[in-house]
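Below: the structure, in structure tokens.
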Amino acid sequence: MVDDRRHRPIPDLIGDTFGIVGRRFREIAVIAIVAAAVAVVSVAAFTSAFDIVNDEVFENPRFEEFLDLTTNEFAGSEEVEASLEAWLDSIDRNRLVNAGLLFAVSVLVWLLGWATTIAFSLVALDDVEGRPSAIGPALATGLARVPKAILLSIIYLALLLVLVVALGIVLFVLSFMHPYLGIAVFVIGIVGAVAYFVPLIQMHYVIAYLEPGFPSFRRWWRLLTGNKAATWGLSALIALANIAAGLVLWLGLLALPSPYGDFISNAIAGPVLGALSAIAYALMYADLSGRSAC
Numbered sequence: 013m014v015d016d017r018r019h020r021p022i023p024d025l026i027g028d029t030f031g032i033v034g035r036r037f038r039e040i041a042v043i044a045i046v047a048a049a050v051a052v053v054s055v056a057a058f059t060s061a062f063d064i065v066n067d068e069v070f071e072n073p074r075f076e077e078f079l080d081l082t083t084n085e086f087a088g089s090e091e092v093e094a095s096l097e098a099w100l101d102s103i104d105r106n107r108l109v110n111a112g113l114l115f116a117v118s119v120l121v122w123l124l125g126w127a128t129t130i131a132f133s134l135v136a137l138d139d140v141e142g143r144p145s146a147i148g149p150a151l152a153t154g155l156a157r158v159p160k161a162i163l164l165s166i167i168y169l170a171l172l173l174v175l176v177v178a179l180g181i182v183l184f185v186l187s188f189m190h191p192y193l194g195i196a197v198f199v200i201g202i203v204g205a206v207a208y209f210v211p212l213i214q215m216h217y218v219i220a221y222l223e224p225g226f227p228s229f230r231r232w233w234r235l236l237t238g239n240k241a242a243t244w245g246l247s248a249l250i251a252l253a254n255i256a257a258g259l260v261l262w263l264g265l266l267a268l269p270s271p272y273g274d275f276i277s278n279a280i281a282g283p284v285l286g287a288l289s290a291i292a293y294a295l296m297y298a299d300l301s302g303r304s305a306c
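Just so we're aligned, residue 13 is where the sequence shown starts under the numbering used here, counting upward by one.
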């Protein structure tokens with residue numbers, strides 16, 4: 013039996029993505045509102061935490077005095093040490109603890125926002141397979157699958173660390189042959205691996221979003237069989253489209269006062285681009301898994 017699984021043409025992918033937005037507008041709009049709220053809360057918490065740290069640590073007058081002394085060749089070590097102690101004593105520890113809690117909240121809320129990406133994907137797959145969509149169950153399922161996505165990220169970070177260590181060993185060995193040979197192999201290895209695998213890895217996440225179990229590497233690789241080049245190209249195209257749209261929005265929002273520009277970027281542009289990307293990836297998954305007709 014011939015395996016005829018393949019991606020739909022790019023014009024069809026774009027048209028079908030916006031078609032799903034039109035047919036499932038209510039579900040996608042509500043999930044986008046949730047995504048916007050999550051983004052705003054996460055950014056607000058992170059910004060507040062950063063402002064506290066900046067005020068207490070880096071814009072602290074005692075810190076400026078300490079820096080001046082460290083660059084003053086006539087300053088004695090005791091004077092520098094006293095200035096350092098004065099700087100550290102002037103920092104409000106309670107405010108730093110609050111900043112740490114706000115940083116933790118921003119990360120937690122950002123991770124929970126992953127549920128909206130999964131919910132967008134589930135709504136898209138429902139449309140492909142002709143099922144009705146429900147906002148609550150989609151968000152609940154998305155929330156339940158966030159730990160799976162986090163675990164997948166940890167695995168990939170570990171694999172990246174292993175790659176860096178392995179290439180570091182190669183760099184060390186080759187440096188005895190030529191000082192620049194090891195560096196060249198290290199850089200080419202890292203850049204090559206990232207450039208090749210990162211666009212393909214996104215489909216591994218989509219499997220985690222749309223399938224109940226944890227997606228094995230074998231399952232991911234078999235799904236891509238015969239379509240690696242096309243999947244790589246489409247994933248890279250989606251990433252470039254997001255970057256281009258983000259750049260255009262950023263340039264357009266520069267003219268607006270900071271709070272308004274930040275609000276539009278995080279509460280409107282981000283969820284819209286996230287929804288379109290998630291739907292497009294869900295369609296790619298449906299094509300590769302044979303759950304839709306090209």
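The beta carbon of each residue, even a glycine, is placed where N, CA and C say it ideally should be.
It should be emphasised that the depicted structure is a prediction, and the values quoted were computed from it without experimental measurement.
- Item | Beta-carbon proximity check, Ile-291 vs Ser-54, cutoff 9 Å | Numbered from 1 along the sequence shown, position 279 holds the residue referred to as residue 291. Numbered from 1 along the sequence shown, position 42 holds the residue referred to as residue 54. Cβ atoms of Ile-291 and Ser-54: not closer than 9 Å.
- Query: Secondary structure at Met-296, three-state DSSP: helix, strand or coil?
  - Reply: Taking the sequence shown and counting its residues from 1, the one referred to as residue 296 is at position 284. Met-296: helix per DSSP, three-state reduction.
- Message: For Leu-288 and Thr-243, which I take to be in contact (beta-carbon distance under 8 Å), what is that distance rounded to the nearest angstrom?
- Response: Your numbering for residue 288 matches position 276 in the sequence shown. Your numbering for residue 243 matches position 231 in the sequence shown. Contact flag wrong, Cβ pair sits at about 18 Å.
- Query: So, helix, strand or coil for Tyr-217, using DSSP?
  - Reply: The count along the sequence shown starts at 1 and reaches residue 217 at position 205. Looking at Tyr-217 - three-state DSSP - the assignment turns out to be helix.
- Message: Using a Cβ-Cβ cutoff of less than 8 Å, which residues in the same chain neighbour Ala-257 once the five nearest sequence positions on both sides are dropped?
- Response: By 1-based counting over the sequence shown, the position of residue 257 is 245. Counting only Cβ-Cβ distances below 8 Å, and skipping sequence neighbours, we find Ala-281 and Leu-285.
- Message: For Val-14 and Gly-238, what's the separation of their Cα atoms in angstroms?
- Response: The residue you call residue 14 lines up with position 2 of the sequence shown. The residue you call residue 238 lines up with position 226 of the sequence shown. Legend: pLDDT at Val-14 = 44, less than 50; position of this residue unreliable, value from coordinates given subsequently. Taking the straight line from one Cα to the other gives about 12 Å.
- Can you list, in chain order, the residues of its chain whose CB lies under 8 Å from that of Ile-22, leaving out five sequence neighbours each side? Taking the first residue of the sequence shown as 1, we reach residue 22 at position 10. Result list for Ile-22: Leu-246 and Leu-249, in chain order.
- Query: Cα separation between Leu-137 and Val-158?
  - Reply: Position 125 of the sequence shown, counted from the first residue, corresponds to residue 137. Position 146 of the sequence shown, counted from the first residue, corresponds to residue 158. Cα-Cα distance, rounded: 18 Å.
- Return the CA-CA distance between Arg-17 and Leu-236, expressed in angstroms with no decimal places. Here residue 17 is taken as the residue at index 5 of the sequence shown, counted from 1. Here residue 236 is taken as the residue at index 224 of the sequence shown, counted from 1. Near 10 Å, if we compare the C-alpha coordinates of Leu-236 and Arg-17.
- Flag this pair as yes or no: are the beta carbons of Gly-201 and Val-182 separated by less than 9 Å? For the purposes of this step, residue 201 is identified with residue 189 of the sequence shown, where counting begins at 1. For the purposes of this step, residue 182 is identified with residue 170 of the sequence shown, where counting begins at 1. Yes, they are a contact pair.
- Should Ile-167 go down as buried or exposed, given a rule of 16 or more other Cβ atoms within 10 Å for buried? Working through the sequence shown from its first residue, we reach residue 167 at position 155. The residue in question, Ile-167, is exposed, as its Cβ has fewer than 16 Cβ neighbours within 10 Å.
- Query: Does the beta-carbon distance from Ile-103 to Val-69 come in below 9 Å?
  - Reply: Here residue 103 corresponds to residue number 91 of the sequence shown, with the count starting at 1. Here residue 69 corresponds to residue number 57 of the sequence shown, with the count starting at 1. For Ile-103 and Val-69, yes; Cβs fall inside 9 Å.
- Query: From Thr-82 to Gly-125, what does the alpha carbon distance come to, in whole angstroms?
  - Reply: Walking along the sequence shown from the start, residue 82 turns up at place 70. Walking along the sequence shown from the start, residue 125 turns up at place 113. Cα to Cα, Thr-82 sits roughly 44 Å from Gly-125.
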